[in-house]
Structure formats: C-alpha cells, structure tokens
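Participant: Dropping a structure here in structure tokens format, bear with me for questions.
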Amino acid sequence: MVKLTEVLQFISQCDESERKQVINALNTQRRAANEAATKQLYIGAHVKFTSSKGRGIIEGIVTKINKKTVKLDCEIHGKWTVSPNLLTLIK
280 MVKLTEVLQF ISQCDESERK QVINALNTQR RAANEAATKQ LYIGAHVKFT SSKGRGIIEG
340 IVTKINKKTV KLDCEIHGKW TVSPNLLTLI K
C-alpha cells in the first residue's frame, strides 16, 4: 500500500493540470461517500458523531436531509449541521 508521505511527495511534483485531476478525483470520491451515507439515513433516525469542537461524541435525531448535509436536533447540545459521512446510525 502506498504511504501518505509518498502520495504527498507525488502531489508536490505534479504540475497544475495533474493537481486538478487529483482534486477532481478526491471530490468525486467524497461525493460518492456522502451519497452512500445519505441513503442509509431517514428523518427521525438516531445518529451519533464526534464533535470537531471538542465536545466528544454527540447523539441526535435527523430532522432534515439535504444533498450535502444533514440537520440534527441534539437536544442539550443544540442543533447541528453535519456531513452525512461523519454520522453513525444508532440502532
């Protein structure tokens, strides 16, 4: 498997056209991952995610599903808008 340092070194040696191709490939992969994650969700679903603001694991209920984001009601933690690929469905 290719190591991250090798990938970063390769990217640093690319010209602008090749960098754009790498960026497009990453964006396509991210979009596909978001779409797959969104298909598993539904309004009223109980989910959890790790806060990027240092609040640890937060649980909430899905209130709205957008194309790129999911809106959550996390009760005492407030309302959050989160990328669907960061969410874990609680069964």
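Reading the sequence shown from the start, the letters are residues 280 to 370 in my numbering. For every residue, glycine included, the Cβ atom is placed at its ideal position computed from N, Cα and C.
Helix, strand or coil for Val301 per DSSP?
Facilitator: Looking at Val301 - three-state DSSP - the assignment turns out to be helix.
Participant: Pairing CB atoms from the stretch 298-318 with CB atoms from the stretch 353-361, are three or more of them under 8 angstroms?
Facilitator: They do not touch, by the three-pair rule.
Participant: One question on the structure: do Ser372 and Thr342 come within less than 8 angstroms of each other, judged by their Cβ atoms?
Facilitator: Since the first and last residues shown for the chain are 280 and 370, residue 372 lies out of range.
Participant: At 3 residues or longer, what runs of the beta strand (DSSP E) sit wholly inside the stretch 320-355?
Facilitator: Entirely contained in the stretch 320-355, the beta strand (DSSP E) runs reaching 3 residues are, in chain order, 325-329, 336-344 and 349-352.
Participant: Is it buried or exposed, Phe328, if we count other Cβ atoms within 10 angstroms and call 16 or more buried?
Facilitator: So Phe328 ends up on the buried side.
Participant: Do Leu320 and Leu365 count as a contact pair if the criterion is CB distance below 8 angstroms?
Facilitator: No, Cβ-Cβ distance for Leu365 and Leu320 is not below 8 angstroms.
Participant: What did DSSP end up calling Lys370 once you bin it into helix, strand or coil?
Facilitator: The answer is coil: DSSP assigns Lys370 none of H, G, I, E or B.
Participant: CB Val326 to CB Leu287, shorter than 8 angstroms?
Facilitator: Cβ distance not < 8 angstroms, so Val326 and Leu287 don't count as in contact.
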